[in-house]
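Going by this note's numbering, the first residue of the sequence shown is number 225, and it counts up by one from there. Just so it is clear, CB atoms sit at the ideal spot from N, CA and C, and this is done for glycine as well. Only a predicted model underlies this, so the values are computations on that prediction, with no experimental measurement involved.
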Amino acid sequence: MYLIIGASSFIGRHLFYYCKENDIDVLGTYYTHGYDAEWVRFDLCTDNLSGICQEYLDKAPKVIIVCGANTSIDGCKNNEAESNRLNVAGTKRILKQAWEMGVKCVFLSSEAVFDGCTGMYTEEDSPNPVTLYGRQKLQIEQYMCCELEDFLIFRISRAVGTCYGEKDIFDEFYRKIINNEDVTCLKNQKFCLTAVDDIVQGIVKALRQDIKGLYHLSSANYISRFELANLYAEKIFGGYGKIREKEFHDMPFYDNRHVYGGLKGNKLADLLEIHYMDIVEIMDRYADTYRRERRKEV
């Protein structure tokens, strides 16, 4: 049995449905957005694992996967006390409870633990976060490495769906373009675009092989936000003339930003024999679903 804390999150939702489709026993939780009637409400900061196990499970789960978090960089900084309560204190207490129950702990971390000065980081590179969100993620990584034995940490760069209508970076571009607004990109900001389907399959495969430790779960699709916006616009709309790059000091950010992100994921890919979708395949799948939806609307 897998227990997904935050099944209503982008990756958590895909992971939940992947488990259901592959006959993996799974229970998902939500806090605010209960899109699925099978999910149960759970507050990471106040509820206890023992309670959810007693009410919904016959025994402790084999694995707990923590997907729930405040992932907004500016949102974390703008609400520092509350984001620390959720992303650090609340997450630690649940991981501690899981460890005391003998449950394997899985945590989704981020490229934000690095400073973004060079990009394409390996697991051996030293973290140096420049945002509060990145520091919060790093605190959980350090806690798990020091206090837990059976754990998995997956650092992720930029997860994206392959279907029209997902709440991801493609949807950000789409909304701006159809509203004839500027698509403003931080100059030179780069990341690795990884299909969320590949991410969830990698998580499950790692659990089935019972590996431990910290890994980068990332494709090699290294691209700038500006390049991706133009690629998207060309693929879906035949181009768009209001895509702009701006310097950091001209952007309305509340916290800093790591510019050159991206993670080298070959260590995990080689271990699990993972083959990631490239950008062309991701965009083609997205475009196919977009065209199908548009035909339904006509």
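Figure out for me which residue from Lys436, Asp508, Tyr388 has the closest Cα to the Cα of Leu495.
Its Cα nearest to that of Leu495, the residue Lys436 stands out among Lys436, Asp508, Tyr388.
Pick from Gly489, Asn303, Gly314: whose alpha carbon is nearest that of Cys291?
Gly314
Kindly provide the ranges of any beta strand (DSSP E) runs that are 3 or more residues long and lie completely inside the stretch 406-488, ordered along the chain.
407-410, 414-419, 437-440, 446-448, 467-470
Can you give the beta carbon distance from Val424 to His238, rounded, assuming they're within the 8 Å contact cut?
5 Å
Just the C-alpha distance for Ser333 and Ile377, rounded to the nearest angstrom, thanks.
7 Å
For His440, does the count of other Cβ atoms within 10 angstroms reach 16, so buried, or fall short, so exposed?
buried
For Glu324, which of Asp249, Gln360, Pro353, Glu373 has the nearest alpha-carbon?
Glu373
Measuring alpha carbon to alpha carbon, tell me which of Phe461, Thr386, Val337 ends up nearest Tyr398.
Phe461
Pull up the distance between the alpha-carbon of Ser507 and that of Arg265, whole angstroms please.
In the sequence as displayed, the identity of residue 507 is Met instead of Ser. The C-alpha of Met507 lies about 34 Å from the C-alpha of Arg265.
Is the CB-CB distance between Gly426 and Ile503 below 9 Å?
no
Closest residue to Val384 among Arg449, Gly465, Tyr254, Lys488 (Cα-Cα distance)
Arg449
Do Ser443 and Thr408 have their beta-carbon atoms positioned less than 9 Å apart in this structure?
Not in contact: Thr408 and Ser443 (Cβ atoms no closer than 9 Å).
How is the beta strand (DSSP E) around Leu362 delimited, first residue to last?
From DSSP, Leu362 is part of no beta strand (DSSP E) but of the alpha helix (DSSP H) over 356-371.
Sequence-distant residues of the same chain with beta carbon closer than 8 Å to Ser274, five excluded per side:
Gln321, Met325
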